[in-house]
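Take 1 as the starting number for the sequence shown in full-length UniProt numbering and just add one per residue. We put the beta carbon where it would ideally sit given N, CA and C, even for glycine. Note that the structure is predicted; figures quoted are calculated from it, not measured. Here is the structure we will look at, set down as C-alpha cells.
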Amino acid sequence: MSATIVLSARPAKEKLEALLKEVQEMDLTPSEQMLTREETRQQHEARKRIIEAKIMRLKLHIGTLETINANWVQCIQQVLATKRKEEEDKYVKMVEDKRATERILRQLEAIGENLEQSNIEIIIENKLPAWILDRVYQQKEQEIWSVAKLRHFLVKLIQRNEEVTRSQSLDIMKEKRETKSKIGPLISNILQKKLRL
1 MSATIVLSAR PAKEKLEALL KEVQEMDLTP SEQMLTREET RQQHEARKRI IEAKIMRLKL
61 HIGTLETINA NWVQCIQQVL ATKRKEEEDK YVKMVEDKRA TERILRQLEA IGENLEQSNI
121 EIIIENKLPA WILDRVYQQK EQEIWSVAKL RHFLVKLIQR NEEVTRSQSL DIMKEKRETK
181 SKIGPLISNI LQKKLRL
C-alpha cells in the first residue's frame with residue numbers, strides 16, 4: 001500500500017512543482033501607460049483569468065497531496081493497529097501459556113522440586129512479550145528477584161490487565177449507548193425541520 005501511495009504522490013508533486021515554476025516565471029509587470037483604459041482593463045482581466053486558473057490548479061494539486069497525506073496517516077495507523085494487535089495476540093498467547101506454565105510449576109512444587117533456579121526464571125522470561133519483560137527488569141533493579149516473585153508479579157499484571165480490558169469494554173459500551181441516545185433526538189430534530197420546509 002505504501003508503494004501505491006508513493007507512486008500516486010509523484011505525479012501530483014511534479015505537477016505542483018511545474019505549476020509553481022510557471023507562477024514564478026509569470027510576467028506581472030505593470031502594463032504600458034500608453035494603452036487605452038479599455039486595453040488596460042482587458043489586459044488586467046486576462047491576467048486575472050490566468051491567475052485564477054493557476055490558483056484553481058494549485059488548489060487541485062494541493063488537495064490531491066492532502067488526500068495522499070491522509071492516506072499515509074491511515075496507512076501508518078493500520079500498521080500501528082496491526083502491530084498492536086500482534087502484541088495483544090502475543091500477550092493472549094502468553095497469558096494462556098502462562099497459565100499452563102503456572103500449572104507445571106505448581107505440579108513441580110507439589111512433588112517437592114526446587115523452583116528457585118535461574119534456568120527456570122530464564123525460561124519464563126523468554127516467553128514474555130518485550131513490554132512485560134521491561135517491567136520485570138525494572139522490578140529486578142529495585143529488589144532481589146526470585147521465581148516466586150516473578151510468578152506473583154505476572155499474576156498481578158495479568159489480573160490488572162484483565163481489569164483494564166473489562167473496564168475499557170464497559171466504557172465503550174456506555175459510550176455507544178450515550179451516542180445512540182444523542183443521535184436519536186438529533187435525527188428526529190433534523191427530520192422535523194425538513195418536514196416543516
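Of the listed residues Arg-10, Val-147, Val-92, Lys-21, nearest to Ile-120 (C-alpha basis): Per the C-alpha coordinates, the member of Arg-10, Val-147, Val-92, Lys-21 positioned closest to Ile-120 is Val-147.
So is Ile-50 buried or exposed if we call it buried at 16+ other beta carbons inside 10 Å? Counting Cβ neighbours within 10 Å, Ile-50 comes out exposed, since fewer than 16 surround it.
I need the DSSP call for Lys-194, collapsed to helix, strand or coil. Bear in mind that the predicted position of Lys-194 carries a pLDDT of just 49, short of 50, making it unreliable; the figure below should be weighed with that in mind. The answer is helix: DSSP assigns Lys-194 an H, G or I state.
Is Ile-158 closer than 8 Å to Asn-71 when the C-beta atoms are compared? no
State buried or exposed for Arg-160, treating a residue as buried only when at least 16 other CB atoms are found within 10 Å of its CB. By the C-beta density criterion, Arg-160 is exposed, having fewer than 16 other C-beta atoms within 10 angstroms.
Counting only runs of 4+ residues fully inside the region 71 to 124, write out the alpha helix (DSSP H) ranges in chain order. For the region 71 to 124, there is no continuous alpha helix (DSSP H) assignment of 4+ residues that stays within its boundaries.
Please classify Leu-154 as buried or exposed, where buried requires at least 16 other C-beta atoms within 10 Å of its C-beta. buried
What does a CB cutoff of less than 8 Å around Glu-109 pick up in its chain, not counting 5 residues either side in sequence? Leu-115
Sorted by chain position, which residues of the same chain lie with C-beta nearer than 7 Å to Glu-14's C-beta, five sequence neighbours on each side aside? When the five nearest sequence neighbours on each side are left out, no beta carbon in the same chain lies closer than 7 Å to the beta carbon of Glu-14.
Given a cut-off of 8 Å on the beta-carbon distance, is the pair Leu-58 and Leu-19 in contact? For the 8 Å CB-CB criterion, Leu-58 and Leu-19 form a contact.
Considering only residues of the same chain and omitting the five flanking positions on each side of Glu-125, which have a CB-CB separation below 7 Å? Leu-133, Val-136
Could you tell me which of Ile-62, Glu-88, Lys-21, Arg-37 sits nearest to Thr-165, measuring between CA atoms? Glu-88
Can you give me the Cβ contacts of Gln-142 inside the same chain, cut-off strictly under 8 Å, excluding the 5 residues immediately before and after it? none
Who are the near neighbours of Trp-131 in its chain, counting only those whose CB is closer than 8 Å to its CB and skipping five residues on each side? Taken in chain order, the residues that qualify are Glu-87.
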